[in-house]
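Each residue of the sequence shown is one higher than the one before, starting from 1 at the first, in full-length UniProt numbering. For each residue, glycine too, the CB sits at the ideal point set by N, CA and C. See below for the structure under consideration.
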Amino acid sequence: MSGLVMPALDEKVMARRDEIIAALRAIVPNNGLGEGVVDSTNAMRVFESDALTAYRQLPLVVVLPETVEQVSQVLRYCYENSIRVVPRGAGTSLSGGSLPLGDAVLLVMSRFNRILQVDYPNRVAVVQPGVTNLGITKAVEHEGFYYAPDPSSQIACSIGGNVAENSGGVHCLKYGLTANNVLGLEVVLISGEVLRIGGKHLDSEAYDMLGLMTGSEGLLGVVTEVTVRILQKPEVARAVLIGFPSSEQAGVCVAEIIGAGIIPGGMEMMDRPAIKAAEDFVKVGYPLDVEALLIVELDGPPVEVDYLIEMVEAIAQRNGSTTCQLSRSEEERNAFWAGRKAAFPAVGRISPDYLCMDGTIPRKALPEVLAGMREMSVRHGLRVANVFHAGDGNLHPLILYDANIPGELQAAEEFGADILRLCVKVGGVLTGEHGVGVEKRDLMPEMFNEVDLDHQMRVKCAFDEKHLLNPGKVFPQLRRCAELGRMHVHRGALAFPDLPRF
Ligand SMILES: Cc1cc2nc3c(=O)[nH]c(=O)nc-3n(C[C@H](O)[C@H](O)[C@H](O)COP(=O)(O)OP(=O)(O)OC[C@H]3O[C@@H](n4cnc5c(N)ncnc54)[C@H](O)[C@@H]3O)c2cc1C
Numbered sequence: 001m002s003g004l005v006m007p008a009l010d011e012k013v014m015a016r017r018d019e020i021i022a023a024l025r026a027i028v029p030n031n032g033l034g035e036g037v038v039d040s041t042n043a044m045r046v047f048e049s050d051a052l053t054a055y056r057q058l059p060l061v062v063v064l065p066e067t068v069e070q071v072s073q074v075l076r077y078c079y080e081n082s083i084r085v086v087p088r089g090a091g092t093s094l095s096g097g098s099l100p101l102g103d104a105v106l107l108v109m110s111r112f113n114r115i116l117q118v119d120y121p122n123r124v125a126v127v128q129p130g131v132t133n134l135g136i137t138k139a140v141e142h143e144g145f146y147y148a149p150d151p152s153s154q155i156a157c158s159i160g161g162n163v164a165e166n167s168g169g170v171h172c173l174k175y176g177l178t179a180n181n182v183l184g185l186e187v188v189l190i191s192g193e194v195l196r197i198g199g200k201h202l203d204s205e206a207y208d209m210l211g212l213m214t215g216s217e218g219l220l221g222v223v224t225e226v227t228v229r230i231l232q233k234p235e236v237a238r239a240v241l242i243g244f245p246s247s248e249q250a251g252v253c254v255a256e257i258i259g260a261g262i263i264p265g266g267m268e269m270m271d272r273p274a275i276k277a278a279e280d281f282v283k284v285g286y287p288l289d290v291e292a293l294l295i296v297e298l299d300g301p302p303v304e305v306d307y308l309i310e311m312v313e314a315i316a317q318r319n320g321s322t323t324c325q326l327s328r329s330e331e332e333r334n335a336f337w338a339g340r341k342a343a344f345p346a347v348g349r350i351s352p353d354y355l356c357m358d359g360t361i362p363r364k365a366l367p368e369v370l371a372g373m374r375e376m377s378v379r380h381g382l383r384v385a386n387v388f389h390a391g392d393g394n395l396h397p398l399i400l401y402d403a404n405i406p407g408e409l410q411a412a413e414e415f416g417a418d419i420l421r422l423c424v425k426v427g428g429v430l431t432g433e434h435g436v437g438v439e440k441r442d443l444m445p446e447m448f449n450e451v452d453l454d455h456q457m458r459v460k461c462a463f464d465e466k467h468l469l470n471p472g473k474v475f476p477q478l479r480r481c482a483e484l485g486r487m488h489v490h491r492g493a494l495a496f497p498d499l500p501r502f
């Protein structure tokens with residue numbers, strides 16, 4: 001792993017591998033679905049990376065539980081034996097959130113794949129965490145409903161992973177991120193205790209534990225059930241494809257659309273390299289003679305949609321748009337989106353490797369950040385293609401590199417870090433929806449000071465004082481709870497005796 005420092009292997013755990021595997025097999029035995037515990041190097045290979053493929057690591061062992069009781073027993077066993085655990089859904093994290101650790105159990109939740117209940121009167125669905133994001137919509141669309149947050153990976157990523165990453169998608173501008181669409185959770189803590197948070201109701205008393213768990217990147221507990229809001233499909237949705245001679249003009253158009261009080265169902269932007277890659281891949285008729293392309297979707301009652309489309313077209317013209325194409329059918333609207341949704345794999349065809357960054361900026365700063373990226377591209381000697389959730393100011397620069405050329409991965413990582421630093425400098429944040437994981441872990445001090453980080457760590461310690469859940473992710477220093485000034489002496493045994501005391 002290029003320069004990535006992960007927690008040192010726990011040699012005591014490594015030495016007990018056979019005993020640990022036997023104990024885990026007793027909890028999760030083989031059944032009709034296959035092995036409950038996977039421990040051969042070859043079989044574990046498929047789990048050695050997530051979608052941040054620059055990094056890979058075999059886990060200690062892979063466990064595939066099927067019941068909440070099994071998850072609880074596995075976690076309790078790991079807690080009592082001080083064994084690290086990395087929760088995993090579908091492994092599509094772009095920030096290395098589900099990257100295994102050599103001395104950790106990889107707890108794969110893919111067998112939790114059932115829709116438990118659909119409650120139309122209350123407009124909620126109760127699902128297991130391994131159900132794919134799109135699977136929820138598929139289960140309710142025959143009744144005219146859908147689940148709104150739509151990451152581009154929705155065909156593969158799990159709702160448990162979406163909760164852990166607070167995932168978003170093109171429709172989150174109007175309908176909110178995962179955090180705004182999850183009403184209840186069942187979570188198993190590292191102690192094995194089962195916690196139920198929220199439910200079908202709209203508000204919870206007491207602290208906002210739902211908010212705490214959503215986006216916690218597998219560091220606070222393992223999600224075993226999710227209650228999500230389902231929405232009725234809008235009467236009409238139409239998309240407009242608008243081309244501009246410069247990204248700056250497109251950026252100003254985005255700010256003016258929002259400034260006019262219009263909240264589109266989705267508003268996405270692609271720059272020239274991304275447009276060309278997407279068009280070559282899916283051939284949906286994107287204009288190739290523009291520098292920036294906006295896809296703006298308006299949804300709602302037909303009269304409202306028609307009115308808003310006129311307003312959007314007028315704003316676009318005022319800002320120098322050179323092409324404007326309105327979808328005339330549902331097929332055409334889906335085709336407009338197909339290119340955008342396939343933009344990542346499309347870029348994968350024009351470069352051996354790419355790093356997908358994820359930062360968020362105030363919309364007004366878009367021209368400044370785009371200009372900054374162009375300068376960095378020259379300085380780092382690497383190409384960049386831009387795809388972003390323009391309405392939210394959530395950027396996804398794709399840095400193109402070739403891992404086989406010595407030094408290129410490192411240059412790409414430095415380029416990415418410079419982009420995120422710029423996002424913070426203009427008043428933005430390090431991540432929009434992909435999480436911190438290992439990718440942005442060491443950049444956290446760019447955004448948070450010691451006090452901020454200490455208090456975030458105190459939350460972590462309240463749930464997992466032994467630091468067993470997904471260590472090495474999110475927090476920049478490998479610092480543990482004992483170092484926060486809290487000293488818990490249990491039956492005369494000092495925790496972390498290896499740490500120096502002051
Ligand atoms: C081509 C592509 C496009 C993408 N587009 C988007 C996009 O538009 N928007 C977006 O937000 N993301 C996007 N992603 C990123 C990714 O799909 C999301 O982060 C997704 O939510 C990860 O889900 P997963 O099931 O694959 O989780 P994993 O990758 O398996 O895990 C991600 C994190 O969640 C934790 N986790 C997983 N399951 C659980 C659980 N049950 N309990 C506790 N913690 C758990 C893991 O420990 C890890 O920290 C994209 C990825 C790819 C490859």
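request  = From the DSSP output, in three-state form, read off Gly130 for me.
outcome  = Working through the sequence shown from its first residue, we reach residue 130 at position 130. Coil.
request  = Would you mind reading off the limits of the beta strand (DSSP E) that contains Tyr401?
outcome  = The sequence position of residue 401 within the sequence shown is 401, counting from 1. Unbroken beta strand (DSSP E) run through Tyr401: Asn394 to Tyr401.
task = Could you check how far apart the C-beta atoms of Ile197 and Gly184 are, in whole angstroms? I think they sit under 8 Å.
result = Here residue 197 corresponds to residue number 197 of the sequence shown, with the count starting at 1. Here residue 184 corresponds to residue number 184 of the sequence shown, with the count starting at 1. Their Cβ separation, rounded to whole angstroms, is 6 Å, which keeps Ile197 and Gly184 in contact under 8 Å.
task = Give me the Cβ distance between Val108 and Arg84, rounded to the nearest whole Å; I'm assuming they're in contact under 8 Å.
result = The residue given as residue 108 occupies position 108 in the sequence shown. The residue given as residue 84 occupies position 84 in the sequence shown. So it is not a contact: roughly 15 Å between Cβ atoms.
ask   = Where does His467 sit, in a helix, a strand or coil, going by DSSP?
value = Counting from one through the sequence shown, the residue named residue 467 turns up at place 467. Three-state result, His467: coil.
inquiry  = Below 8 Å on the Cβ atoms is my contact criterion, and I expect Leu60 with Ser93 to pass it. Report the Cβ-Cβ distance as a whole number of Å.
reply    = Counting from one through the sequence shown, the residue named residue 60 turns up at place 60. Counting from one through the sequence shown, the residue named residue 93 turns up at place 93. At roughly 19 Å, the Cβ-Cβ gap does not stay under 8 Å, so Leu60 and Ser93 are not in contact.
Counted within 10 angstroms of its Cβ, other Cβ atoms place Lys12 as buried (16 or more) or exposed = On the sequence shown, position 12 is the one that residue 12 refers to. Per the 10 Å Cβ criterion, exposed.
key: Segments of 4+ residues assigned as alpha helix (DSSP H) that fall wholly inside the segment 62-89   = 68-80
request  = Decide if Ala403 is buried, meaning its Cβ has at least 16 other Cβ atoms within 10 Å, or exposed.
outcome  = The count along the sequence shown starts at 1 and reaches residue 403 at position 403. The residue is exposed, with fewer than 16 neighbouring Cβ atoms inside 10 Å.
ask   = The beta strand (DSSP E) with His389 in it runs from where to where?
value = Along the sequence shown, one-based indexing puts residue 389 at 389. Element bounds for His389: Val384 to His389.
task = Confirm the yes/no value for this check: CB of Ser327, any heavy atom of ligand 1, distance under 8 Å.
result = Along the sequence shown, one-based indexing puts residue 327 at 327. No - ligand 1 has no heavy atom lying nearer than 8 Å to the Cβ of Ser327.
message = Check whether the segment 36-52 and the segment 187-196 touch, using three or more Cβ-Cβ pairs below 8 Å as the test.
response = no
message = Alpha carbons only, please: which of Ala385, Val378 and Gln128 is nearest the one belonging to Asn113?
response = One-based indexing of the sequence shown puts residue 113 at position 113. Answer by Cα proximity: Gln128.
query = Based on Cα-Cα distance, which residue from Asn319, Ser153 and Asp18 lies nearest to Gly251?
reply = Position 251 of the sequence shown holds residue 251. It is Asn319 whose Cα lies nearest to the Cα of Gly251.
key: Sheet register partners of Thr323 (DSSP bridge)   = Taking the sequence shown and counting its residues from 1, the one referred to as residue 323 is at position 323. The partner list for Thr323 (beta bridge, DSSP) reads Gly243.
query = Do the segment 96-106 and the segment 115-126 make contact, defined as three or more Cβ pairs closer than 8 Å?
reply = no
inquiry  = Is Thr227 near ligand 2 - that is, is its Cβ less than 8 Å away from at least one heavy atom of it?
reply    = This structure lacks ligand 2; its bound ligands are ligand 1.
query = For Glu19, which of Glu310, Asn81 and Ala8 has the nearest alpha-carbon?
reply = On the sequence shown, residue 19 is found 19 positions in, with the first residue counted as 1. It is Asn81.
task = Look up Val163 in the DSSP assignment and say whether it is helix, strand or coil.
result = For the purposes of this step, residue 163 is taken as the residue at position 163 of the sequence shown. Helix.
request  = Would you please verify whether the beta carbon of Ser98 is less than 9 Å from any beta carbon of chain B?
outcome  = Note that chain B does not occur in the displayed structure, where there is just one protein chain.
Buried versus exposed call for Asn30 [16 or more other C-beta atoms within 10 Å across all chains shown] = Taking the first residue of the sequence shown as position 1, residue 30 is located at position 30. Exposed, since its Cβ has fewer than 16 Cβ neighbours within 10 Å.
ask   = Short check: CB of Ile309 to CB of Met373, under 9 Å?
value = Against the sequence shown, residue 309 aligns to sequence position 309. Against the sequence shown, residue 373 aligns to sequence position 373. Not closer than 9 Å, so no.
ask   = Of all the options Ala314, Asp50, Pro287 and Lys283, which has the alpha carbon lying nearest to the alpha carbon of Ile262?
value = The count along the sequence shown starts at 1 and reaches residue 262 at position 262. When each option's Cα is compared against that of Ile262, the closest is Ala314.
task = Spell out a yes or no on whether the segment 227-245 and the segment 288-297 are touching, meaning 3 or more CB-CB pairs, one atom from each, closer than 8 Å.
result = yes
key: Whole-angstrom C-beta distance between Ala385 and Asp299, which should lie under 8 Å   = Reading the sequence shown from its first residue, position 299 is the one you call residue 299. Reading the sequence shown from its first residue, position 385 is the one you call residue 385. Between Ala385 and Asp299 the Cβ distance is about 28 Å, and since that is not below 8 Å, they are no contact.
message = Using 8 Å for Cβ pairs, my map puts Arg363 next to Gly393. What's the rounded Cβ distance?
response = Locating residue 363 in the sequence shown gives position 363, where the first residue counts as 1. Locating residue 393 in the sequence shown gives position 393, where the first residue counts as 1. About 5 Å; that satisfies the 8 Å criterion.
inquiry  = By the three-class DSSP mapping on this structure, what secondary structure does Thr137 have?
reply    = Here residue 137 refers to the residue found at position 137 of the sequence shown. Helix, per DSSP.
message = Let me check understanding here. Comparing Cα to Cα, which of Asn470, Val424 and Arg349 lies closest to Ala278?
response = Sequence index remark: in the sequence shown, residue 278 carries index 278 (1-based). Considering only alpha carbons, the answer is Arg349.
inquiry  = For the segment 428-446 against the segment 344-361, do three or more pairs of beta-carbon atoms, one drawn from each stretch, fall closer than 8 Å, so that the two count as touching?
reply    = yes
message = Please state the DSSP three-state secondary structure of Gly211.
response = As a first step, residue 211 must be located in the sequence shown, where it is residue number 211. Helix, per DSSP.
query = Can you tell me where the alpha helix (DSSP H) with Thr178 in it begins and where it stops?
reply = The residue given as residue 178 occupies position 178 in the sequence shown. Unbroken run through Thr178: none, as it is neither H nor E.
ask   = Around the C-beta of Arg229, are 16 or more other C-beta atoms found within 10 angstroms, so that it is buried, or is it exposed?
value = In the sequence shown, residue 229 corresponds to position 229, counting from 1. Buried.
Sub-9 Å separation of Ala342 and Val282 beta-carbons = One-based indexing of the sequence shown puts residue 342 at position 342. One-based indexing of the sequence shown puts residue 282 at position 282. Yes, these two residues count as a Cβ contact at 9 Å.
request  = Leaving out five residues on either side along the sequence, give the residues of the same chain with a beta carbon under 6 Å from the beta carbon of Gly91.
outcome  = Here residue 91 refers to the residue found at position 91 of the sequence shown. Asp50 and Ser98.
task = Work out the CA separation of His434 and Ser95 for me, nearest whole Å.
result = Position 95 of the sequence shown holds residue 95. Position 434 of the sequence shown holds residue 434. Approximately 6 Å, taken between the alpha carbons.
query = On the three-state DSSP scale, how would you describe Gly300?
reply = For this step, residue 300 is matched to residue 300 along the sequence shown. Here Gly300 sits in strand by DSSP.
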